[in-house]
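Engineer: Chains as they are written, first to last, in my numbering: chain W, 3 to 93; chain Y, 344 to 487. Below are the structure tokens for one structure; questions will follow.
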């Protein structure tokens with residue numbers, strides 16, 4: 003390997019070994035490009051998945067709690083409704 | 344003159360019919376939030392089947408993020424009263440179970456699923472029986 007650096011560039015180009023390295027490098031570049039495309043595709047999938055709403059048990063519990071609080075306050079008359087606001091002249 | 348008027352005349356001896364109209368501005372008795380919570384608790388206590396003889400159970404949603412399980416019973420041998428309170432708190436990370444003696448644990452597995460099922464049943468029944476709406480649609484129940 004170290005002897006490559008002892009040859010002038012043109013010799014390197016005509017050297018089978020060096021050409022082989024060049025081919026390898028070309029393949030590597032193609033692989034890199036494919037890799038980039040894969041990474042981009044994965045990123046897009048992850049982005050799409052992140053937008054999906056995942057409902058956990060905790061979310062269900064919180065939703066029920068909020069629903070009950072709202073119902074309780076509405077029934078007890080402690081909740082200001084849209085109608086109350088309309089009657090009061092508000093929006 | 345109607346039959347009703349005649350009956351009134353016979354009872355009261357008055358020729359005229361007294362006004363039986365209710366005042367329009369009669370205040371409607373509303374239940375307080377505490378009274379509603381008590382009604383909810385009665386439904387919550389029955390969600391898990393019959394309460395054993397000598398036991399008293401309460402299960403209710405205290406506020407948006409807190410649920411309470413209370414159980415009280417009398418020891419048949421000693422006659423001494425016992426009680427236990429478990430609090431379920433909805434946190435960012437999950438549902439925390441808080442018991443006496445500084446015992447804390449985030450619920451998981453079957454216990455978590457069972458609690459969620461109980462909460463869902465509670466909401467369903469309380470919505471229908473206390474607040475008169477369908478928990479699935481959020482719409483008022485049709486008058487029978």
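Ideal Cβ positions, reconstructed from N, Cα and C, are used throughout, including at glycine.
1) Where does the unbroken alpha helix (DSSP H) through residue 383 of chain Y begin, and where does it stop?
2) Quick one: does residue 79 of chain W have its CB under 7 Å from some CB of chain Y?
3) Less than 7 Å separating the beta-carbons of residue 416 of chain Y and residue 398 of chain Y?
4) Taking buried to mean at least 16 other C-beta atoms within 10 Å of its own C-beta, is residue 438 of chain Y buried or exposed?
5) Would residue 470 of chain Y be called buried (16 or more neighbouring beta carbons within 10 Å of its own) or exposed?
6) Using a Cβ-Cβ cutoff of 7 Å, what residues of the region 56-67 of chain W are near chain Y? List them in chain order.
7) Do you know offhand how far residue 25 of chain W's Cα is from residue 50 of chain W's?
8) Kindly indicate which three-state DSSP category residue 411 of chain Y falls into: helix, strand or coil?
9) Is there at least one Cβ from chain Y nearer than 7 Å to residue 52 of chain W's Cβ?
10) Straight-line CA distance for residue 412 of chain Y to residue 387 of chain Y?
11) What residues in the region 454-465 of chain Y bring their beta carbon closer than 9 Å to a beta carbon of chain W?
Structural biologist: Let me spell this out:
1) For residue 383 of chain Y, the enclosing alpha helix (DSSP H) stretches over residues 376-389.
2) By this cut-off, residue 79 of chain W is an interface position.
3) Contact: yes.
4) That one is buried.
5) With 16 or more other Cβ atoms within 10 Å, it is buried.
6) Listed in sequence order: 59, 60, 62, 63, 64, 66 and 67.
7) Bear in mind that a pLDDT of 44 at residue 25 of chain W, under 50, signals an unreliable position, so the model cannot answer this.
8) Of the three classes helix, strand and coil, the one that applies to residue 411 of chain Y here is strand, per DSSP.
9) With its beta carbon at least 7 Å from every one in chain Y, residue 52 of chain W lies outside the interface.
10) Rounded to whole angstroms, residue 412 of chain Y to residue 387 of chain Y spans 9 Å at the Cα level.
11) Sequence-ordered contacts of the region 454-465 of chain Y with chain W read 455, 456, 458, 459, 462, 463 and 465 [C-beta pairs closer than 9 Å].
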